[in-house]
Amino acid sequence: MVKLNMSSIFKGKNKGRVSEWEQLLRCAIEAISENIKDPEDKYVWVIAKSMVGCFIGFFVKQKLLSRIKDLKTTKIKTGLGGSAGNKGAVIVRFQLDDTNVMLMNCHLMSGKNKGSSRTDELNLIFDSAFKGVGKNRKYCIENHNMIFIFGDLNY
Numbered sequence: 823m824v825k826l827n828m829s830s831i832f833k834g835k836n837k838g839r840v841s842e843w844e845q846l847l848r849c850a851i852e853a854i855s856e857n858i859k860d861p862e863d864k865y866v867w868v869i870a871k872s873m874v875g876c877f878i879g880f881f882v883k884q885k886l887l888s889r890i891k892d893l894k895t896t897k898i899k900t901g902l903g904g905s906a907g908n909k910g911a912v913i914v915r916f917q918l919d920d921t922n923v924m925l926m927n928c929h930l931m932s933g934k935n936k937g938s939s940r941t942d943e944l945n946l947i948f949d950s951a952f953k954g955v956g957k958n959r960k961y962c963i964e965n966h967n968m969i970f971i972f973g974d975l976n977y
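Written out as structure tokens, the structure is:
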């Protein structure tokens, strides 16, 4: 997504690169959708979130779009004690009908014998995600029916 240097790690702003990725993904989805006859079965772009080398793009079928509610995104920096975005997570959460779903793309620390540190890092992400958003931590990880965790987990 971006060149890893001190500026990109701390500032994390490279809108040009993110826009390129978004456009590439949109074009790919449109190309796939060309062969779909029913417009309601075509995929549409919903939202994206990025942080240095992490990106998450969310697409749904057109017929599901009106059933998506409470759409939110966040990013959690865990690199260099939480000040750098070279490690951490980008997250999309939403409600589909009565089901709360969280999609989490993580980039955790690497290194041998750091399994418990990676688990601590993941727990920090869980605890920090959507903290202070909504009443009574409505959006915290425990209040989701389905949670998908993927990315460079280094386990």
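Under our numbering, the first residue of the sequence shown is numbered 823, with each subsequent residue one higher.
Positions of the beta carbon are idealized from the N, C-alpha and C atoms, including for glycine.
key: Residue range of the beta strand (DSSP E) that includes N927   = Run containing N927: T921 to H929, per the beta strand (DSSP E) assignment.
key: Residue nearest to H929 in terms of C-alpha spacing, selected from N922, F916 and L944   = The shortest Cα separation from H929 among N922, F916 and L944 belongs to L944.
request  = Give every residue of the same chain whose Cβ lies closer than 6 angstroms to the Cβ of A870, excluding the five residues on either side of it in the sequence, and list them in chain order.
outcome  = For A870, where only same-chain residues beyond five positions count, the Cβ hits under 6 angstroms are E844 and G879.
query = Are the beta-carbon atoms of F952 and K894 separated by less than 8 angstroms?
reply = In contact: F952 and K894 (Cβ atoms closer than 8 angstroms).
query = By Cβ distance, which residues of its chain are closer than 6 angstroms to N827, with the 5 residues on each side in sequence left out?
reply = Residue confidence for N827 is low, a pLDDT of 48 falling below 50, so the modelled location carries little weight; the figure read from the coordinates is stated next. Excluding its 5 nearest sequence neighbours in each direction, N827 has no C-beta neighbour in its own chain below 6 angstroms.
ask   = Is the beta carbon of V866 sitting closer than 8 angstroms to the one on V882?
value = It is a contact, given that the beta carbons lie within the stated cut-off.
ask   = When the Cα of V914 is compared with those of N908, G907 and V923, which residue comes out closest?
value = Per the Cα distances, V923.
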